[in-house]
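Visitor:
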Amino acid sequence: MQTAQSTKDFLSQQLQIVFRRVLIVDDDFDFTESLKELLILHNYVVNIAHTIEEANKKNAAFMADVALLDVRLKTDDGTELISSLKAQQPSILCIMMTAYRSIDTTVKALRKGAYDYLTKPLHPEELLAALERSFDKLYLEKQRIESQNNLQQVNCSLKALNACNESLVRIKDERELFKNICNIIVEIAGYSAAWIGLVDNNADTAIDIVAYSGLNRDFILSIGKYWNIHEDENNPTKISIRNRKYCVVNNITEVSGDLNQNKSTHYRKFKSTIALPLKNDNYIFGAITIY
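Quick note on numbering: the sequence shown equals residues 11 to 301 in our numbering.
#1: Counting C-beta neighbours from all protein chains within 10 Å, is the total for S112 16 or more, i.e. buried, or is it exposed?
#2: Can you give me the start and stop residues for the beta strand (DSSP E) that A59 sits inside?
#3: Measuring CB to CB, does R252 end up less than 7 Å from P287?
#4: Is the CB-CB distance between V35 and S144 below 7 Å?
#5: With respect to the beta strand (DSSP E) encompassing L33, which residues constitute its N-terminal and C-terminal limits?
#6: Assuming A221 contacts R180 (C-beta within less than 8 Å), just tell me the rounded distance between them.
#7: Please tell me whether I58 and K46 are closer than 7 Å, where the distance is taken between their beta carbons.
#8: Quick check on L51: buried or exposed, where buried means 16 or more other Cβ atoms within 10 Å of its Cβ?
#9: Between A204 and G224, which are expected to be in contact by the criterion C-beta below 8 Å, what is the C-beta distance as a whole number of angstroms?
#10: Could you give the distance in angstroms between the alpha-carbon of E64 and the alpha-carbon of E142?
#11: Quick check: what's the CA-CA separation for Y54 versus I300?
#12: The alpha helix (DSSP H) with K248 in it runs from where to where?
#13: Measure the C-alpha to C-alpha separation of V259 and I92 and round it to an integer number of angstroms.
#14: Using the Cβ count rule (16 or more neighbours within 10 Å means buried), how would you classify F39?
#15: I'd like the ranges of any beta strand (DSSP E) spanning at least 3 consecutive residues and lying wholly in the stretch 112-158.
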């Protein structure tokens with residue numbers, strides 16, 4: 011029986027395989043096949059091409075993380091591939107290979123965006139080390155972008171919270187307050203859309219949409235048309251009100267019921283949603299739904 015750690019190690023290895031894609035471009039068929047076998051043994055996913063045209067065509071679907079490019083492809087210049095591959099996959103790192111290394115070709119390749127340079131005949135240790143450096147760089151760049159995005163999300167959330175607090179102090183009219191909160195969620199927090207609906211616990215088929223942002227009026231009208239608090243167990247807004255807690259739907263297209271009864275293009279652009287019940291002491295009087 012596999013232990014939890016061995017299962018974790020196996021899954022980690024599989025994820026590395028998925029995300030370690032290497033494209034080899036060289037006009038030497040035997041060389042590319044032997045290189046492919048070597049890299050597969052070290053858990054890389056490999057695709058090969060022998061011309062610039064073939065490389066562009068294959069990589070359009072393959073989307074390599076790293077490309078090993080021969081400088082001379084018969085009569086073609088391998089460095090010309092760098093720009094087209096980066097157009098397909100901006101983060102791709104290109105490592106040039108050549109048996110005719112010179113200062114001019116090195117400078118030319120680096121100016122066009124090459125990441126590294128290897129001299130043929132390739133030594134396995136040198137090649138594998140270059141690939142490790144490349145994937146380490148890609149990983150660190152991915153972490154940097156994720157950290158930057160997370161920081162931006164936190165900043166937006168803080169700005170939205172401050173704006174909501176200011177509205178609570180400044181705005182006295184309830185409907186104006188709700189409208190302002192919906193606008194803050196969309197314009198400051200950066201969500202696609204939001205709406206607030208108030209319900210009467212004694213009127214199961216009625217909901218009063220008091221504010222919305224990022225939505226058209228037809229969509230808002232459709233919510234009231236299909237509303238019945240006791241129908242459609244998958245509707246997040248109804249669930250949040252019935253269960254008195256938030257409800258998240260990560261993929262709207264997989265949810266059946268009245269979430270999908272509105273066939274408008276405006277609605278189908280949303281991928282996920284969260285509904286939060288509105289409470290006054292222990293009384294639920296509505297919900298805010300965010301896309």
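Positions of the beta carbon are idealized from the N, C-alpha and C atoms, including for glycine. All figures in this text were calculated on a predicted structure; none of them were measured in a lab.
Guide: Taking the structure as given:
#1: Result: exposed.
#2: 55-59
#3: No, the Cβ-Cβ distance between R252 and P287 is not below 7 Å.
#4: Contact check for V35 against S144 fails: the beta carbons are separated by 7 Å or more.
#5: 31-35
#6: The beta-carbon distance between A221 and R180, rounded to whole angstroms, is 16 Å. This is too long to meet the 8 Å contact definition.
#7: yes
#8: exposed
#9: In this structure, A204 and G224 form a Cβ contact; the two beta carbons are roughly 7 Å apart against a cut-off of 8 Å.
#10: Taking the straight line from one Cα to the other gives about 26 Å.
#11: 41 Å
#12: Per DSSP, K248 belongs to the alpha helix (DSSP H) from 246-253.
#13: C-alpha separation (whole angstroms): 41 Å.
#14: A residue is called buried once 16 or more other Cβ atoms fall within 10 Å of its Cβ, and F39, having fewer, is exposed.
#15: 126-129
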